[in-house]
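J.: Quick one: the structure is below, questions incoming.
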Ligand code: ADP
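As C-alpha cells, this is what we get:
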C-alpha cells in the first residue's frame, strides 16, 4: 500500500491543487492532504475552514483524506509511517524553494522522497494568494476554484472588509 502526503497551506484550495490531488490519487493507493497549522503566513481562512473546503472538494475521491499537522513535516510523516511527499511545481520560481526544502527534508530523514508534479499549463499562473487578491478587489475567476469554494471566499472577504480586519 503506497501512501503519499500532499502538504500545504491551501488558503484556499484552488483548481491547481485539485489537479495535483487528482493526478496523485491516480498514482498512489492513498493520498493524505496535510494542511499546515503553523505557517508563517497569516491565513485568510482558519485551519478548520481550509479543511472543510478541501473535504468538500475531494469528496469524490475515496482514497484521499484531509488532515492537519503542525511542526516539522518529517515528524508528521513518521507518525503516519509515510515517506513520500508530493509537491506541485508551477514556474521556475517555485523550484529554488522546493529544491532546498526537499534536500532539507532528506537530510532530516534519509528515506523521505519528494515527488514533484508539474502543473498543467492552464494552472501555471494560479496560486491561492493571486486568487485572494483578485477577489479582494472585486474580480472573479470561478473556473479556477472548486465548486463551493467561491461562495465561501466571497463571504469571507466581505466579512473581513466589513470588520476592517487586515488580511
Ligand atoms: P505552501 O504554503 O506549502 O506552498 P500552497 O497551498 O500554496 O502551500 O501549495 C501547496 C502545494 O501545491 C505546493 O507544492 C505548491 O507548489 C502546489 N501548488 C499550488 N498551486 C498550484 C498550481 N496552480 N499548480 C500546481 N501546483 C500548485
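In the working numbering, the protein residues as written are 5 to 171. For every residue, glycine included, the Cβ atom is placed at its ideal position computed from N, Cα and C.
(1) Relative to the C-alpha of residue 117, which candidate in 15, 81, 58, 143 has its C-alpha closest?
(2) Return the CA-CA distance between residue 11 and residue 85, expressed in angstroms with no decimal places.
(3) Applying the criterion that 16 or more other CB atoms from any shown protein chain within 10 Å of the CB defines a buried residue, is residue 107 buried or exposed?
(4) Tell me the DSSP bridge mates of residue 36?
(5) Starting from residue 96, trace the alpha helix (DSSP H) both ways and give me its first and last residue.
(6) Going straight from the alpha carbon of residue 155 to that of residue 33, what length do you get?
(7) If residue 15 and residue 66 are in contact, beta carbons under 8 Å, what's the gap, nearest whole angstrom?
(8) Could you check whether the Cβ of residue 183 sits closer than 7 Å to any heavy atom belonging to the ligand ADP?
(9) Three-state secondary structure (DSSP) at residue 78?
(10) I want to know whether the stretch 48–56 touches the stretch 13–32 - three or more CB-CB distances under 8 Å.
(11) Give the straight-line distance between the Cα atoms of residue 87 and residue 59, rounded to the nearest whole angstrom.
(12) Report whether the distance from the Cβ of residue 139 to the nearest heavy atom of the ligand ADP is below 7 Å.
(13) With hydrogens ignored, establish whether the beta-carbon of residue 152 is closer than 7 Å to any heavy atom of the ligand ADP.
(14) Looking only at C-alpha atoms, which of 98, 92, 119, 8 sits nearest to residue 70?
(15) When you compare the CB positions of residue 74 and residue 109, do they come within less than 8 Å of one another, or not?
(16) Consider the C-beta atom of residue 25 and the heavy atoms of the ligand ADP; say whether any pair is separated by less than 7 Å.
T.: Answer, in terms of the structure:
(1) Sequence index remark: in the chain shown, residue 117 carries index 113 (1-based). Nearest C-alpha to residue 117: 81.
(2) Start at 1 with the first residue of the chain shown, and residue 11 comes out as number 7. Start at 1 with the first residue of the chain shown, and residue 85 comes out as number 81. So the alpha carbons of these two residues sit roughly 15 Å apart.
(3) The residue labelled residue 107 in the question sits at position 103 within the chain shown. Label assigned to residue 107: exposed.
(4) Counted from its first residue, the chain shown places residue 36 at position 32. In DSSP, residue 36 forms a bridge with 9, 69.
(5) The residue given as residue 96 occupies position 92 in the chain shown. Looking at the DSSP string, the run of the alpha helix (DSSP H) that includes residue 96 is 96–112.
(6) For the purposes of this step, residue 155 is taken as residue 151 along the chain shown, with counting starting at 1. For the purposes of this step, residue 33 is taken as residue 29 along the chain shown, with counting starting at 1. Those two C-alpha atoms are separated by around 32 Å.
(7) Sequence index remark: in the chain shown, residue 15 carries index 11 (1-based). Sequence index remark: in the chain shown, residue 66 carries index 62 (1-based). Wrong, their Cβ atoms sit about 25 Å apart, outside the cutoff.
(8) Coverage of the chain is limited to positions 5 through 171, which leaves residue 183 absent and any answer about it impossible.
(9) Here residue 78 refers to the residue found at position 74 when the chain shown is read from its first residue. DSSP places residue 78 in helix when its eight states are reduced to three.
(10) yes
(11) Residue mapping note: residue 87 aligns to position 83 of the chain shown, counting from 1. Residue mapping note: residue 59 aligns to position 55 of the chain shown, counting from 1. In a straight line, the C-alpha of residue 87 is about 23 Å away from that of residue 59.
(12) The residue given as residue 139 occupies position 135 in the chain shown. False, no ligand heavy atom lies under 7 Å from that Cβ.
(13) In the chain shown, the residue the question calls residue 152 occupies position 148. Not so, every heavy atom of the ligand ADP lies at least 7 Å from the Cβ.
(14) Translated into the one-based positions of the chain shown, residue 70 becomes position 66. Nearest option by C-alpha distance: 8.
(15) Reading the chain shown from its first residue, position 70 is the one you call residue 74. Reading the chain shown from its first residue, position 105 is the one you call residue 109. Contact: no.
(16) Position 21 of the chain shown, counted from the first residue, corresponds to residue 25. Residue 25 Cβ: outside cutoff for every heavy atom of the ligand ADP.
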